[in-house]
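As structure tokens, the structure follows; a few thoughts come after it.
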Amino acid sequence: MSTSVKICGLSTPETMEAALKAGADMVGLVFFQNSPRHVTLEVAKELAARASQRAEVVALTVDADDAALDAIVRALAPEYLQLHGRETPERVEEIQRKFGVSAIKALGVSEAADFAMADAYKAADALLIDAKPPRGATRPGGNGIAFDWRLARGFAPRKPWMLSGGLDAGNIGEAIRLSLARSVDVSSGVESAPGVKDPAKIRAFIDAARMAFDAADAE
Numbered sequence: 010m011s012t013s014v015k016i017c018g019l020s021t022p023e024t025m026e027a028a029l030k031a032g033a034d035m036v037g038l039v040f041f042q043n044s045p046r047h048v049t050l051e052v053a054k055e056l057a058a059r060a061s062q063r064a065e066v067v068a069l070t071v072d073a074d075d076a077a078l079d080a081i082v083r084a085l086a087p088e089y090l091q092l093h094g095r096e097t098p099e100r101v102e103e104i105q106r107k108f109g110v111s112a113i114k115a116l117g118v119s120e121a122a123d124f125a126m127a128d129a130y131k132a133a134d135a136l137l138i139d140a141k142p143p144r145g146a147t148r149p150g151g152n153g154i155a156f157d158w159r160l161a162r163g164f165a166p167r168k169p170w171m172l173s174g175g176l177d178a179g180n181i182g183e184a185i186r187l188s189l190a191r192s193v194d195v196s197s198g199v200e201s202a203p204g205v206k207d208p209a210k211i212r213a214f215i216d217a218a219r220m221a222f223d224a225a226d227a228e
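Remember, the numbering used here sits 9 above the position in the sequence shown when you count from 1.
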């Protein structure tokens with residue numbers, strides 16, 4: 010089974026290059042004003058151009074309206090729209106139909122029962138399982154919080170899924186071992202400060218994830 014590593018929240022040419030050179034399979038650009046990783050369309054277009062033919066581009070949005078999504082799709086032509094808000098199953102299906110772009114639906118979990126939400130999102134092409142944000146949080150993801158990875162061990166939706174939330178180079182091996190995830194996503198775990206990606210941490214994370222995937226395959 011194939012594996013993938015996504016570096017999300019990239020915002021500068023230097024860190025985009027670091028992610029690409031380190032072998033990221035997917036790179037995420039955030040379009041959400043409350044996030045320290047938010048990028049403008051102009052900046053995102055340049056970053057997406059660097060990633061073309063080198064990694065899949067993911068545009069992360071939070072309850073975006075059609076006008077915002079249309080502008081993003083026209084400017085970037087991303088491989089995926091990551092829907093990280095409270096988008097309903099019907100809204101996910103509508104977005105895919107209107108914009109013709111594959112969708113990743115993010116779901117926040119904290120207990121085993123939360124995984125049942127995935128059943129409703131049949132239209133999504135992939136799922137991203139993240140920790141629920143803490144009370145009072147101003148953004149739904151990128152908070153550096155992990156959930157009990159063992160809860161995901163039996164998760165077997167009929168589509169690809171990605172593990173996210175509180176991951177870094179130091180814990181990604183355990184996260185993959187406990188969850189059996191084959192795809193992982195990181196943002197704050199490769200930063201030196203909120204929104205500031207660290208090239209060395211990006212490389213370390215990708216290397217550690219690859220080693221963990223290899224170890225899982227060898228078992």
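C-beta atoms are modelled at their ideal positions from N, C-alpha and C, and glycine is treated no differently.
{"Query": "I'd like to know whether the C-beta atoms of valine 14 and isoleucine 215 end up nearer to each other than 8 angstroms.", "Result": "yes"}
{"Query": "Below 8 angstroms on the Cβ atoms is my contact criterion, and I expect alanine 4 with lysine 210 to pass it. Report the Cβ-Cβ distance as a whole number of Å.", "Result": "As displayed, the chain neither begins before 10 nor continues past 228, which places residue 4 out of reach and without an answer."}
{"Query": "In chain order, which beta strand (DSSP E) runs of at least 3 residues are fully inside the region 78-144?", "Result": "89-92, 111-118 and 135-140"}
{"Query": "Start and end of the alpha helix (DSSP H) containing phenylalanine 222?", "Result": "208-227"}
{"Query": "Assuming valine 71 and phenylalanine 41 are in contact, meaning their beta carbons sit under 8 angstroms apart, how far apart are those beta carbons, in whole angstroms?", "Result": "5 angstroms"}
{"Query": "Where does serine 197 land, buried or exposed, given buried means 16+ other C-beta within 10 angstroms?", "Result": "buried"}
{"Query": "With distance defined between alpha-carbon atoms, name the residue in Arg59, Gly32 and Gln105 nearest to isoleucine 229.", "Result": "This structure leaves residue 229 out entirely; the chain is present only between 10 and 228."}
{"Query": "Hey, out of Asp157, Ser11 and Met25, whose CA is closest to lysine 206's CA?", "Result": "Met25"}
{"Query": "Candidates Leu56, Asp128, Lys30 and Ala202: which alpha carbon is nearest leucine 38's?", "Result": "Leu56"}
{"Query": "Measure the alpha-carbon distance for alanine 73 versus glutamine 91 and round it to whole angstroms.", "Result": "11 angstroms"}
{"Query": "Helix or strand or just coil, what does DSSP make of isoleucine 185?", "Result": "helix"}
{"Query": "Quickly, what does DSSP pair alanine 202 with across the bridge? List them, please.", "Result": "Val205"}
{"Query": "Within a Cβ cutoff of 6 angstroms, which residues of the same chain sit near aspartate 123, ignoring the five residues on either side of it in sequence?", "Result": "none"}
{"Query": "Which one of Trp170, Arg212, Ala227 and Arg219 has the shortest CA to CA distance from aspartate 128?", "Result": "Trp170"}
{"Query": "Can you have a look at methionine 220 and say buried or exposed, based on whether 16 or more other CB atoms are within 10 angstroms of its CB?", "Result": "exposed"}
{"Query": "By Cβ distance, which residues of its chain are closer than 8 angstroms to valine 101, with the 5 residues on each side in sequence left out?", "Result": "Leu92, Ala112, Lys114, Tyr130, Ala132 and Ala133"}
{"Query": "Go to valine 52, then tell me how far its alpha helix (DSSP H) extends in each direction, as first and last residue.", "Result": "50-60"}
{"Query": "Which residue or residues does DSSP assign as beta-bridge partners of lysine 18?", "Result": "A small correction: the amino acid at residue 18 is glycine; lysine does not occupy that position in the sequence shown. Glycine 18 is not bridged to any residue."}
{"Query": "With H, G and I counted as helix, E and B as strand and the rest as coil, what does DSSP make of leucine 4?", "Result": "It is not possible to answer for residue 4, since the shown part of the chain is limited to 10 through 228."}
{"Query": "Taking DSSP as the reference, what is the three-state secondary structure of serine 197?", "Result": "helix"}
{"Query": "Distance, Cα to Cα, alanine 218 vs glutamate 200?", "Result": "16 angstroms"}
{"Query": "Ordered along the chain, which non-local residues of its own chain (more than five positions away) have a Cβ less than 8 angstroms from that of alanine 155?", "Result": "Ala140, Gly174, Gly175, Leu176, Asn180 and Ala184"}
{"Query": "For the beta strand (DSSP E) containing phenylalanine 164, list its first residue and its last residue.", "Result": "From DSSP, phenylalanine 164 is part of no beta strand (DSSP E); its letter is neither H nor E."}
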